Amino acid sequence: MSDTPVLEVSGLTVEYRRGRKRVPAVSDVSFSIREGETVGLVGESGSGKTTIGRAILGLVPVSAGSIVFDGHDVTGPAHHARRREEGQIRAVFQDPYSSLNPSLPVAASLAEECGTGGRSREATFARMVDLFEKVGLPSTVVSSYPGRLSGGQRQRVAIARALMSDPRLIICDEPVSALDVSVQAQVLNLLRQIQRVRSLSYCFVGHDLDVVRYMSDWIVVLYRGHVLEDGPARTVAQSPRHPYTRALVAASPHPVVSPEDIATRPPSSLNAAMVTTGCPFAPRCPVAIDVCWTERPPVCTAPDGGKVACHRYDPVKDTTPTAEPAAGGSPVEVPAPVAPRTR
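The opening position of the sequence shown corresponds to residue 3 in this note's numbering, with each subsequent residue numbered one higher.
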């Protein structure tokens, strides 16, 4: 795995208009992806993770910040058009049923991805058959219509289509959430196998922390458009530092953090979207204090290079309280493993 970033996202902010107001969907998000690395973006609905993926693809306007791909600033749709034409950035979207044109055979959909490559019709067809074999599909699928394929087969077609132009970066936006559980593991293992062979970089978007952890080297935890924590995938999933990340872990089918230690508050009567001066998670945080409502939390760097945005985080002890202390007591603390790394 190379240390040179393929993608660098710095201070990314995306705002949408709602009447006369501008509502931020993503606020000051930064991360990088190296060659052969997978960075996962995880959070619940409305966290901004899909918007980030769409901004990288040049599908939504960027209000502030920059997106640098392969050393070139590609912020905004105009700059991304050339990169898309060159086929260096591709995507695999959530719904395999809507990502393919039902009125066209599979071959026609894939031909769009390599039509500018200068290949003959015969060479293009041979390329499709070769890619289909690599993603575990029979060559007969090339002439089939999407309606005759299963969900797993359609998602494999979508992966093959993304690979047609030999990209360096693939945005995987919830690529298995619409599939049966029995098929999800097959598609995830296929993505990992392709990555090892081709040294691809992935930006993997998901709401299921278990799935994101399985695929990722580095995880970025998002809440209402803000990064609350990032770090090595194992640390984020097994020894989460931020109270929100602990809630995500506790909500997984096989939590390593006890739900009793979380006791995350339900949304309060105060709309969390109205918290513009303090921590966005304050209305739901079980360990919030007064300062959490009035000041943005500082971004602290953990010993392993991860970052935590929390007033309650102690960078010396590498801990945050997991529950409100009892009278006269002290917060329970969970240490995180230390594996120094520079990003």
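Glycine included, C-beta positions come from ideal geometry on N, C-alpha and C. Only a predicted model underlies this, so the values are computations on that prediction, with no experimental measurement involved.
(request) Evaluate glutamate 39 with the Cβ neighbour count: other Cβ atoms within 10 Å of its Cβ, from every protein chain shown; 16 or more gives buried, anything less gives exposed. (result) buried
(message) I'd like to check one pair, valine 137 with isoleucine 173: are the Cβ atoms closer than 8 Å?
(response) Not in contact: isoleucine 173 and valine 137 (Cβ atoms no closer than 8 Å).
(request) Could you give the DSSP three-state label for isoleucine 54: helix, strand or coil? (result) helix
(request) Under 8 Å by Cβ, that's how I've got valine 11 and glutamate 17 pegged, so tell me the actual separation to the nearest angstrom. (result) The C-beta distance from valine 11 to glutamate 17 rounds to 16 Å, too long to meet the 8 Å contact threshold.
(request) Could you tell me whether the segment 231-239 touches the segment 304-312, using the rule of 3 or more Cβ pairs below 8 Å? (result) The segment 231-239, when compared against the segment 304-312, does touch it at the 8 Å Cβ threshold.
(message) Alpha carbons only, please: which of Asn191, Val28, Leu171 is nearest the one belonging to serine 47?
(response) Ranking the options by Cα distance to serine 47, first place goes to Val28.
(request) Report the rounded CA-to-CA distance for glutamine 186 versus leucine 171, giving the unit in angstroms. (result) Going from the Cα of glutamine 186 to the Cα of leucine 171 covers about 21 Å.
(message) Classify threonine 6: buried if its beta carbon has 16 or more other beta carbons within 10 angstroms, exposed otherwise.
(response) That one is exposed.
(request) Just mark glycine 330 as buried or exposed, buried being the case when its beta carbon has 16 or more other beta carbons within 10 Å. (result) The pLDDT assigned to glycine 330 is 37, lower than 50, so where the model puts this residue is not dependable, and the model offers no usable value.
(request) Jot down the residue ranges of each uninterrupted alpha helix (DSSP H) in the segment 119-191, minimum 4 residues, whole runs only, in chain order. (result) Every alpha helix (DSSP H) of 4 residues or more that sits fully in the segment 119-191 is shown, in chain order, as 123-136, 153-165.
(message) Could you tell me the alpha carbon to alpha carbon distance between leucine 1 and serine 141, rounded to whole angstroms?
(response) An answer regarding residue 1 cannot be provided, because it is not within the stretch 3 to 345 covered by the chain.
(message) Is the beta carbon of tyrosine 246 closer than 8 Å to that of valine 222?
(response) Contact flag unset, no.
(request) Tell me whether alanine 93 sits in a helix, a strand or coil according to DSSP, three-state version. (result) strand
(message) Assuming aspartate 232 is part of the alpha helix (DSSP H), what are its boundary residues?
(response) Segment 228-234 is the beta strand (DSSP E) holding aspartate 232; no alpha helix (DSSP H) there.
(request) Answer yes or no: do glycine 89 and serine 167 have a C-beta to C-beta separation smaller than 8 Å? (result) yes
(message) Along the chain, where does the beta strand (DSSP E) containing threonine 324 start, and where does it finish?
(response) Premise fails: threonine 324 is in no beta strand (DSSP E) and is neither H nor E.
(message) Out of Ser203, Gly227, His228, which one is the CA nearest neighbour of aspartate 219?
(response) The shortest C-alpha separation from aspartate 219 is found at Ser203.
(message) Check for me: the beta strand (DSSP E) holding aspartate 212 runs from which residue to which?
(response) Element bounds for aspartate 212: not the beta strand (DSSP E) but the alpha helix (DSSP H), 211-217.
(request) Per DSSP, which residues does leucine 43 bridge with? Please list them. (result) Val207, Val222
(request) Please determine, among Pro107, Ser179, Pro148, Phe134, the residue with the shortest C-alpha to C-alpha distance to aspartate 97. (result) Ser179
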